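Chains as they are written, first to last, in our numbering: chain A, 52 to 321; chain B, 49 to 142.
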Amino acid sequence: MSVSKLHYVLQLADNALVLGHRISEWCGHGPILEQDIAITNTALDHLGQARSLFQYAADLYNDLSTGEKQQAFANFLIEEGKTADEDTLPYLRDAWDFKNILLVEQANEDWAYTITRSFFYDSFMVLFYKALQSSKDERLVAIAEKSLKEAKYHLKWSSEWMIRLGDGTEESHEKVQNAVNDLWAFSGEVFLPSKAEKEMIAAGLAVPVENLKSEWFHYVGQVLGEATLTMPAADAWMHQGGKEGTHTENLGFILADLQYVQRAYPNMTW
Amino acid sequence: MNNEWPLWEIFVRSKTGLDHKHVGSLHAADAQMAMENARDVYTRRMEGVSIWVVESEHIHASNPDDADAMFDPANDKVYRHPTFYNLPKEVEYM
Chain A
52 MSVSKLHYVL
62 QLADNALVLG
72 HRISEWCGHG
82 PILEQDIAIT
92 NTALDHLGQA
102 RSLFQYAADL
112 YNDLSTGEKQ
122 QAFANFLIEE
132 GKTADEDTLP
142 YLRDAWDFKN
152 ILLVEQANED
162 WAYTITRSFF
172 YDSFMVLFYK
182 ALQSSKDERL
192 VAIAEKSLKE
202 AKYHLKWSSE
212 WMIRLGDGTE
222 ESHEKVQNAV
232 NDLWAFSGEV
242 FLPSKAEKEM
252 IAAGLAVPVE
262 NLKSEWFHYV
272 GQVLGEATLT
282 MPAADAWMHQ
292 GGKEGTHTEN
302 LGFILADLQY
312 VQRAYPNMTW
Chain B
49 MNNEWPLWEI
59 FVRSKTGLDH
69 KHVGSLHAAD
79 AQMAMENARD
89 VYTRRMEGVS
99 IWVVESEHIH
109 ASNPDDADAM
119 FDPANDKVYR
129 HPTFYNLPKE
139 VEYM
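This is the structure:
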């Protein structure tokens, strides 16, 4: 149970970290100055959420017995006797111990892909954080309350961009429709609970994600409709595996970038 | 063809009860985007509680060349200043 709880919190933490990292790649490359600032602010919001979640995950890890600690990860390079913290968890785990969904690790490609990826994620997270407020776990409730305000703004921003691009020029419409078609198969993993997640749902600590599905489809359909975009089939085949540690090759490149300094110069600080 | 998004002037109210002050300008495709850009550019360090955006082309400005005729004549009219009243302490922001 405690290992499952750790894994569940890491699912959320890794989502926030990986998407925050992906979005931060736009810093200095935004299409115009104002949107560069906007998207970088959003990246920082995600990293802020990741921090709260990693701090919680670190506490959960430190409370495990020695046996449970060994069972928790395939490879966690923490020095023996050291306690985990919000830095060791992202820096010292390898890709197969990351629990993020595959959607958030997909490449930025262009502005249309980046916006669509955020739109699929944000539209789920607003529903998710609302529901997480009824968790039996006080700390998750507190994180959900704080994060929901940010998620609502992210969703407003990404929804408006979907409409602007879809209902914009012929070129912007085509680019964002392609992004919707390509990323659609990554949009359904959020509704498929992992093993750890199922245990947590049964215990009343986690969000029963399947219940969010119809509301999500309703909202996404509404925005895509307003954007004059075609929504792919609701029962389309969906990628999964990220929550259990099976990732696309993208994650390896992200981690190489993210972890390089700590791996090359362990315990280095600014 | 001009591909630049229109320019918008941004006004921010720093706290309830104060007036909106001009803080700068930015580019945006529409009013909604101007509002959100203003939120990110001008209020991300808690500078405001309310934002107004106005498309710059709707602002009509006085001509700097006319400044002599417009403003100098007020120079020697001290009697126009309400300096002869004592304001009670409770009146702030006057």
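Glycine residues also receive a C-beta, built at the ideal position from the N, C-alpha and C atoms.
Just so you know, these numbers come straight off a predicted model, no measurement behind them.
DSSP three-state label for residue i, please.
i                 : result
Trp56 of chain B  : strand
Lys207 of chain A : helix
Trp100 of chain B : strand
His129 of chain B : coil
Val71 of chain B  : strand
Ser116 of chain A : coil
Pro317 of chain A : coil
Leu104 of chain A : helix
Thr297 of chain A : coil
Gly79 of chain A  : coil
Tyr59 of chain A  : helix
Lys187 of chain A : coil
Lys181 of chain A : helix
Thr165 of chain A : helix
His97 of chain A  : helix
Ala135 of chain A : coil
Gln121 of chain A : helix
Phe149 of chain A : coil
Met49 of chain B  : Low per-residue confidence applies at Met49 of chain B: pLDDT is 46, beneath 50, and the placement is therefore not dependable, though the value from the model is reported in the following sentence. Coil, per DSSP.
Gly71 of chain A  : helix
Asp124 of chain B : coil
So if DSSP puts residue i in a beta bridge, which residue, or which two residues, is it bridged to?
i                 : result
Phe127 of chain A : A:Arg144
Arg92 of chain B  : Note: Arg92 of chain B sits in no beta bridge, so no partner.
Arg61 of chain B  : B:Ser98
Identify which residue in the options has its Cα closest to the Cα of residue i.
i                 : options                                : result
Trp53 of chain B  : B:Trp100, B:Arg92, B:Asp78, B:His68    : B:Asp78
Trp212 of chain A : A:Glu201, A:Lys226, A:Leu199, A:Glu137 : A:Lys226
Leu178 of chain A : A:Gly272, A:Glu266, A:Thr297           : A:Glu266
Phe127 of chain A : A:Asp87, A:Trp77, A:Tyr142, A:Thr93    : A:Tyr142
Ser98 of chain B  : B:Glu57, B:Asp67, B:Phe132             : B:Asp67
Val89 of chain B  : B:Ser73, B:Glu140, B:His106            : B:Ser73
His70 of chain B  : B:Trp100, B:Met118, B:Arg128, B:Thr64  : B:Trp100
Pro112 of chain B : B:Ile58, B:His106, B:Asp120            : B:Asp120
Asn51 of chain B  : A:Thr220, A:Val231, A:Leu280           : A:Thr220
Phe171 of chain A : A:Ala254, A:Ala236, A:Met251           : A:Ala236
Asn66 of chain A  : A:Asn92, A:Ser55, A:Gly99              : A:Gly99
Looking at residue i and the ligand GTP, is the gap between the Cβ and the nearest heavy atom below 7 angstroms?
i                 : result
Lys264 of chain A : In the structure on display, the ligand GTP does not appear, and there are no ligands present to speak of.
>> List, from N- to C-terminal side, the beta strand (DSSP E) runs of 3 residues or more that fit wholly inside the stretch 191-279 of chain A.
In response: Fully enclosed beta strand (DSSP E) runs of 3 or longer: not present.
> Would the stretch 237-252 of chain A and the stretch 280-290 of chain A be scored as touching if the rule is three or more Cβ pairs under 8 angstroms?
Replying inline: Per the Cβ contact rule, the stretch 237-252 of chain A is in contact with the stretch 280-290 of chain A (3 or more Cβ pairs under 8 angstroms).
>> Three or more C-beta pairs under 8 angstroms: does that hold for the stretch 292-308 of chain A against the stretch 150-161 of chain A?
In response: Two segments are said to touch when three or more pairs of C-beta atoms, one from each, lie closer than 8 angstroms; by this definition the stretch 292-308 of chain A touches the stretch 150-161 of chain A.
>> For the structure I just gave you, are there three or more beta carbon pairs, one from the stretch 80-91 of chain A and one from the stretch 311-320 of chain A, closer than 8 angstroms?
In response: No: the two stretches stay apart, fewer than three of their Cβ pairs being nearer than 8 angstroms.
> At a cut of 8 angstroms, does the stretch 181-199 of chain A reach the stretch 253-260 of chain A through at least three beta carbon pairs?
Replying inline: Counting C-beta pairs with one atom in each stretch, the stretch 181-199 of chain A and the stretch 253-260 of chain A have three or more that are closer than 8 angstroms, which means they touch.
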